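S.K.: My questions will all concern the structure given below.
Protein chains: 2
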Amino acid sequence: MSDRKLCMIPGPIEFHEDVLTAMSTPATSHVDPLFVPIFGESIEMIREVVVSKVAQPLILSGSGTLGWDQMVNVIEQGDEVLVLNTGYFGENFADCLKTYGAKITQLRAPVGSRPTLDEVTTAVKEKKYKMVTITQVDTSTGVLSDIKTLSLAIKALSPETLVVIDAVCAVGSEEIQFDAWKLDVLITGSQKGLGVPPGLSIVVLSEQAINIYESRKTPVAAYYSNWKKWLPIMKAYEARKPAYFATPAVQLIYALHTSLKQITSQPIEKRWAKHQEVAAKFRKAVKDLGLKQVAVTDDAAANGMTAVWLPEGLVAGQLVGSLAGKGVQIAGGILGDLSPKYFRVGHMGISVMERNHIDKVIKAMTESLAELGYKQ
Amino acid sequence: MSDRKLCMIPGPIEFHEDVLTAMSTPATSHVDPLFVPIFGESIEMIREVVVSKVAQPLILSGSGTLGWDQMVNVIEQGDEVLVLNTGYFGENFADCLKTYGAKITQLRAPVGSRPTLDEVTTAVKEKKYKMVTITQVDTSTGVLSDIKTLSLAIKALSPETLVVIDAVCAVGSEEIQFDAWKLDVLITGSQKGLGVPPGLSIVVLSEQAINIYESRKTPVAAYYSNWKKWLPIMKAYEARKPAYFATPAVQLIYALHTSLKQITSQPIEKRWAKHQEVAAKFRKAVKDLGLKQVAVTDDAAANGMTAVWLPEGLVAGQLVGSLAGKGVQIAGGILGDLSPKYFRVGHMGISVMERNHIDKVIKAMTESLAELGYKQ
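Taken in sequence, the protein lines are chains P and C. Counted the way full-length UniProt numbering counts, the first sequence spans residues 1 to 376. Counted the way full-length UniProt numbering counts, the second sequence spans residues 1 to 376.
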C-alpha cells in the first residue's frame, strides 16, 4: 500500500487506526453475547450524534444510497413529494422516490445556490405534501441547506408533512438536532463524517415517520428495505437481545462502534465547531488563491467538504492527477457537463479533529496549481 | 477479545488473517487506480469459483438477503414461480418473491428431505413457470439439493424457465458449475464459503437472465436493487475503469479479493472434495455419538454445515452454551417450533481447508454431551 494517498475526497474519508483495527475483528457470530451490546450501543450512540432522545435508528448492511430506498416504507402510489434540489444527489433522490410511486415536485436552485425559504413556504402553502426532502449537504456541489429554518417552517405550515433529510455528507460534520428541528427521517452512511469504511446504511426515524409507515393503506412493495423486518431487530439489539433477519455486517458495526465512542467522547457541539473552523480556513485558502467556491455564499457552504471552480483552461482531471502525484487524493466534479470544471475536497472526521490534513491539501493544491501554469 | 470463541456456526465462518488484514486497508477512494483492479479481479474470480466463462457477477454492498431482493429485476406482477422448499430460507425466499408480485407454488419437502426429481418434473410439466428457485443448502436444515440434476431436468422440459439458486451457504463449499448446469441466477453472500466478513451481496447472472430482465414489459419497481444501475458499474470495473452509482464497500472488497485469491490458487475441485471429506468425518462422529443428522440421507446432507437432532431431554441452548464455555461457538436451530430440538455446525473455508477445526468441535461436543448427562 505504499502508493496510498491521503484520502481527502468527500467520503470515504481517512479512518482512525482503532477503527481499522475494529474492522479486522476476528469472526464473531451476529448473535454472540460479545457482539450484541456492540450493536445495541451503536444504535444508542447514533441517536446521541443526531441529538435525539426518542428517534429510532436503523443500521443496515448496504451503501448510503439504500437509505433513499427505505422511503418505500412511507411512500404510496401517487403521494406528493417536494424535493429541494441542490445538486446531483437531490436529482437522484427524486429519481428513487419516483421509482416507488411518488409524484415529484422539484425546487431546483441554480448551481451553488439553494431554494429560498420563501420558495419553500410558497410551495408548501400551494400543495399538501406527504413529504419534503432536503439534502443537507449535496456532495456534488458542497451546498449546505439550512435544515433548521426550513424544517421548522415546513412543520409550522404543515405538521403532517414528513421532513426527510439526506444527511449522508452531514452527520458528524454538520450541526444536526433531530428532535429540536422536528425532523422525521434522517438518512446517512458510514463512510463520511462518521469515519467508518463504506458499507452501512444508517437511517433515523421519528415517531411520526413510524406512525405514517404503520398506518399506510397499501403493503410496502419491498423486502430487504422493509422496516417491518428491521424495526424488531433494532429494538432487540438495543434491549441487548440477539435477533435475526439478515446477517449484519459484524466487522463494520465493530468499526462503527469504535468511531462513535470517539465521536461521543466529547460534546458534539465541539465537533461541529471544529469542522466549521477548518472549513473556514480552507475557504480562505481558496479565496487567497483567487479561486471561487461553488457554493455562492459562505452560509450555503458545507463544513465537511468544499467544491471549487477551476481556473479557466484547467480541467479537474489535471488537478486531481497532480495532487495524486503529491500523495493527496481529491475528487473531480460530478454534475453533468460541469464535472470537469470544478474539484471537491473533503474535510471531515480525524482529518479535521486531530490530524490537520487540510494544511497538506492546501500546500499540495497551491503547488499543483502553480505547476499547471495557473497564475492569480 | 479474550472471550472470543472459535466461530463454527454456518456463517459467518472463521476468517484467514490475511483476509482480516485486508479488512483494515486504510481509506482508499472507490475510484482510486489502486482499487479499480481489486474490484475488477474480484468479479472475474467470482466467475471462476462458480465455474462460468460468461456469466455476469454483481457485487453489492448488503447482506446475502439482498440477493433475493434482486429478483425484482426479473419478476413482473403475476409471474408464476415454483419454489423448492427445504427449510426456513426457502420459505422466506418465497415471501420475498411474493412481495414483488410473484404467484408462488411451493414444493415443500418434509423436514430433512428435499422435493424429488419426479415431483419437480411433474410440477414443471403441469404449469409454465417463469422461474424455479432452489436453495442449494438450506442453512436451517443442512439439506443439500441436487442442483445439477434438477436444473438440467427443468431446462430440458422448459428452456425458458429461469433456474435460480440460493447458494448463500454453498458457494465455496459445494460443487457448483454455473454454465454446465445451465443456471440462470446464483445468489450468495460473503460470509460463508467465501470466507469474508458479512456485508456483500453477490449475484451471478446468465445471459438468459439478463435477456429476460431487459425484455420485461413493466419497469423494475426498485431503485437500489435495480440491475440497470449496477450492470454498467460491474462492466466498468471489470474493464478496469472506475464508475459510480453507490459507494462500494471498499474494505470488504479488498477482503473478498484476498480470499478469492486464496480460493482460486488451487483447483476448485480440490476445495469441493476437501469439504466433502470433512463433512463425512463430522457426520461419522455424529453417528458414532448415536445422534441423527437432520438431513435424511448423506446424499441430501450439505458439505459446508450439518444440522443434528438433539437427544431427547436436551435443548439447543444447553449444548450451545456448554460448547461456548469450551470456546466453540455453534448454532441452535431456526425452524419454528423445532428450533430448540437441534443444533447446527458450520464446516467451511479455512476451518476445513487448513485448520482442522472440526476436530475441536467433535471433542467439545462429545465432552459437552457427556457433561449434560447424555448417554448413548
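Glycine is no exception: its CB is placed at the ideal position from the N, C-alpha and C atoms. Because the structure is a prediction, the values reported are computed rather than measured.
Could you run through the stretch 161 to 180 of chain C and flag, in chain order, every residue whose CB is less than 7 Å away from some CB of chain P?
M.R.: Within the stretch 161 to 180 of chain C, no residue has a Cβ that lies closer than 7 Å to any Cβ of chain P.
S.K.: Would you tell me roughly how many angstroms separate the C-alpha atoms of Tyr223 (chain C) and Ala285 (chain C), rounded to the nearest one?
M.R.: In the second sequence, residue 223 (chain C) corresponds to position 223, counting from 1. In the second sequence, residue 285 (chain C) corresponds to position 285, counting from 1. Distance between the alpha carbons of Tyr223 (chain C) and Ala285 (chain C) is about 48 Å.
S.K.: Taking the alpha helix (DSSP H) that Tyr213 (chain P) belongs to, which residues open and close that run?
M.R.: Looking up residue 213 (chain P) in the first sequence gives position 213. Segment Glu207 to Glu214, the alpha helix (DSSP H) holding Tyr213 (chain P).
S.K.: Checking contacts by CB at 7 Å: is Leu252 (chain C) closer than that to chain P?
M.R.: Position 252 of the second sequence, counted from the first residue, corresponds to residue 252 (chain C). It does; some Cβ of chain P falls within 7 Å.
S.K.: Give the residues from the stretch 85 to 99 of chain C that approach chain P closer than 8 Å (Cβ to any Cβ), ordered along the chain.
M.R.: Here the close residues are Asp95, Cys96 and Thr99.
S.K.: Please report how far the alpha carbon of Gly317 (chain C) lies from the alpha carbon of Glu91 (chain P), in whole angstroms.
M.R.: Residue mapping note: residue 317 (chain C) aligns to position 317 of the second sequence, counting from 1. Residue mapping note: residue 91 (chain P) aligns to position 91 of the first sequence, counting from 1. Distance between the alpha carbons of Gly317 (chain C) and Glu91 (chain P): 51 Å.
S.K.: For a contact meaning CB atoms closer than 7 Å, what does Thr371 (chain P) contact in chain C?
M.R.: Looking up residue 371 (chain P) in the first sequence gives position 371. Reading off the sequence, residue 371 (chain P) comes out as Glu, not Thr. Neighbours of Glu371 (chain P) on chain C: none; closest Cβ ~20 Å, over 7 Å.
S.K.: Give the C-beta separation of Ser24 (chain C) and Thr21 (chain P) to the nearest angstrom, bearing in mind that I take them to be a contact with Cβ-Cβ under 8 Å.
M.R.: The residue labelled residue 24 (chain C) in the question sits at position 24 within the second sequence. The residue labelled residue 21 (chain P) in the question sits at position 21 within the first sequence. The pair is a contact, with the Cβ atoms about 6 Å apart (cut-off 8 Å).
S.K.: Residues in the stretch 53 to 79 of chain P with C-beta within 7 Å of chain C's C-beta atoms, listed in sequence order?
M.R.: Against chain C - using a Cβ distance shorter than 7 Å - the residues of the stretch 53 to 79 of chain P are Ser61, Gly62, Ser63, Gly64, Thr65, Leu66, Trp68 and Asp69.
S.K.: Does DSSP put Ala109 (chain P) in a helix, a strand or coil?
M.R.: On the first sequence, position 109 is the one that residue 109 (chain P) refers to. The answer is coil: DSSP assigns Ala109 (chain P) none of H, G, I, E or B.
S.K.: Are any of the Cβ atoms in chain P nearer than 7 Å to that of Leu231 (chain C)?
M.R.: Translated into the one-based positions of the second sequence, residue 231 (chain C) becomes position 231. Not one chain P Cβ lies under 7 Å of Leu231 (chain C).
S.K.: My parser needs the alpha helix (DSSP H) runs of 4 or more residues fully inside the stretch 62 to 115 of chain P; what are they?
M.R.: The stretch 62 to 115 of chain P contains these whole alpha helix (DSSP H) runs: 66 to 69 and 88 to 99.
S.K.: To the nearest angstrom, how far is the alpha carbon of Thr54 (chain C) from that of Glu207 (chain C)?
M.R.: Counting from one through the second sequence, the residue named residue 54 (chain C) turns up at place 54. Counting from one through the second sequence, the residue named residue 207 (chain C) turns up at place 207. Sequence inspection shows Val at residue 54 (chain C); the Thr mentioned does not correspond to that position. So the two alpha carbons sit approximately 8 Å from each other.
S.K.: Could you name the residues of the stretch 1 to 18 of chain P whose beta carbon sits closer than 9 Å to any beta carbon of chain C, in the order they occur along the chain?
M.R.: Within the stretch 1 to 18 of chain P, the qualifying residues are Met1, Asp3, Arg4, Lys5, Leu6, Cys7, Ile9, Gly11, Pro12, Ile13, Glu14, Phe15 and Glu17.
S.K.: By Cβ distance below 8 Å, which residues in the same chain neighbour Leu152 (chain P) in space, the five residues on each side in sequence not counted?
M.R.: Reading the first sequence from its first residue, position 152 is the one you call residue 152 (chain P). Around Leu152 (chain P): Trp181 and Lys182.
S.K.: Going along the chain, which residues of its own chain have a beta-carbon closer than 8 Å to the beta-carbon of Arg283 (chain C), five neighbours each way excluded?
M.R.: In the second sequence, counting from the first residue as 1, residue 283 (chain C) sits at position 283. Gln293, Asp298, Ala301 and Thr306, listed in sequence order.
S.K.: What does the Cβ neighbour count give for Pro57 (chain P), buried or exposed, with the cut at 16 atoms within 10 Å?
M.R.: Translated into the one-based positions of the first sequence, residue 57 (chain P) becomes position 57. Looking at its Cβ environment, which holds 16 or more other Cβ atoms inside 10 Å, Pro57 (chain P) is buried.
S.K.: Hey, does Ser24 (chain C) have any beta-carbon neighbour from chain P nearer than 7 Å?
M.R.: Locating residue 24 (chain C) in the second sequence gives position 24, where the first residue counts as 1. Yes, Ser24 (chain C) counts as interfacial toward chain P.
S.K.: From the DSSP output, read off the bridge partner residues of Cys7 (chain C).
M.R.: Numbered from its first residue, the second sequence carries residue 7 (chain C) at position 7. C:Gln329, per the DSSP bridge assignment.
S.K.: The beta strand (DSSP E) that contains Asp166 (chain C), what's its start and end?
M.R.: Counted from its first residue, the second sequence places residue 166 (chain C) at position 166. Residues Leu162 to Asp166.
S.K.: Should Gln191 (chain C) be flagged as near chain P, meaning a C-beta pair shorter than 7 Å?
M.R.: For the purposes of this step, residue 191 (chain C) is taken as residue 191 along the second sequence, with counting starting at 1. By this cut-off, Gln191 (chain C) is an interface position.
S.K.: Could you tell me whether the Cβ of Pro242 (chain C) comes closer than 7 Å to any Cβ of chain P?
M.R.: Against the second sequence, residue 242 (chain C) aligns to sequence position 242. For Pro242 (chain C), the answer is no, since every Cβ of chain P falls outside 7 Å of its Cβ.
S.K.: In this structure, does DSSP put Gln318 (chain P) in helix, strand or coil?
M.R.: Residue numbering aside, residue 318 (chain P) sits at position 318 when the first sequence is read from its first letter. Three-state result, Gln318 (chain P): helix.
S.K.: What residues are listed by DSSP as bridge partners for Thr133 (chain C)?
M.R.: Here residue 133 (chain C) corresponds to residue number 133 of the second sequence, with the count starting at 1. DSSP, once it has assigned bridges, lists C:Val83 and C:Val164 as partnering Thr133 (chain C).
S.K.: Are the beta-carbon atoms of His275 (chain C) and Val352 (chain C) separated by less than 7 Å?
M.R.: Along the second sequence, one-based indexing puts residue 275 (chain C) at 275. Along the second sequence, one-based indexing puts residue 352 (chain C) at 352. It is a contact, given that the beta carbons lie within the stated cut-off.
S.K.: What does Thr21 (chain C) touch in chain P if you count any residue whose Cβ is under 7 Å from its own?
M.R.: Position 21 of the second sequence, counted from the first residue, corresponds to residue 21 (chain C). What Thr21 (chain C) touches in chain P: Ser24.
S.K.: Can you have a look at Gln376 (chain C) and say buried or exposed, based on whether 16 or more other CB atoms are within 10 angstroms of its CB?
M.R.: Counting from one through the second sequence, the residue named residue 376 (chain C) turns up at place 376. Gln376 (chain C) should be labelled exposed.
S.K.: Check the DSSP bridge columns for Arg344 (chain C) and list the partner residues they point to.
M.R.: If you number the second sequence from 1, residue 344 (chain C) lands on position 344. Arg344 (chain C) is bridged to C:Ala307 and C:Ala331.
S.K.: Any beta carbon from chain C within less than 7 Å of residue 377 (chain P)'s own beta carbon?
M.R.: Shown here, chain P extends from 1 to 376; a query on residue 377 (chain P) therefore has no answer.
S.K.: When you compare only the Cα positions, how much space is there between Gln191 (chain C) and Ser173 (chain P)?
M.R.: Along the second sequence, read from residue 1 onward, the residue named residue 191 (chain C) stands at position 191. Along the first sequence, read from residue 1 onward, the residue named residue 173 (chain P) stands at position 173. So the alpha carbons of these two residues sit roughly 32 Å apart.
S.K.: Nearest chain P C-beta to Ala27 (chain C) closer than 7 Å, yes or no?
M.R.: On the second sequence, residue 27 (chain C) is found 27 positions in, with the first residue counted as 1. So, interface residue.
S.K.: Give a yes or no on whether 7 Å exceeds the smallest Cβ distance from Gln106 (chain C) to chain P.
M.R.: Start at 1 with the first residue of the second sequence, and residue 106 (chain C) comes out as number 106. By this cut-off, Gln106 (chain C) is not an interface position.
S.K.: For Trp68 (chain C), I'd like the list of residues in its chain whose CB is within less than 7 Å of its CB, leaving aside the five on either flank, ordered along the chain.
M.R.: Residue mapping note: residue 68 (chain C) aligns to position 68 of the second sequence, counting from 1. Counting only Cβ-Cβ distances below 7 Å, and skipping sequence neighbours, we find Phe93, Cys96 and Ile187.
S.K.: Given that a residue counts as buried once 16 or more other Cβ atoms are within 10 Å of its Cβ, and exposed if not, what is Met1 (chain C)?
M.R.: The count along the second sequence starts at 1 and reaches residue 1 (chain C) at position 1. Because the pLDDT of Met1 (chain C) is 46, which lies under 50, any placement of that residue in the model is unreliable, and the number read from its coordinates should be weighed accordingly. Classification of Met1 (chain C): exposed, given that the 10 Å Cβ count is below 16.
S.K.: Give the single residue among C:Thr366, C:Val204 and C:Leu66 whose Cα lies nearest to the Cα of Lys229 (chain P).
M.R.: If you number the first sequence from 1, residue 229 (chain P) lands on position 229. For the residues C:Thr366, C:Val204 and C:Leu66, the minimum Cα distance to Lys229 (chain P) belongs to C:Leu66.
S.K.: Once you ignore the five residues that flank Met45 (chain C) on each side, which residues in its own chain have a CB closer than 6 Å to its CB?
M.R.: The residue you call residue 45 (chain C) lines up with position 45 of the second sequence. Cβ neighbours of Met45 (chain C) beyond the five flanking positions: Leu260 and Thr264.
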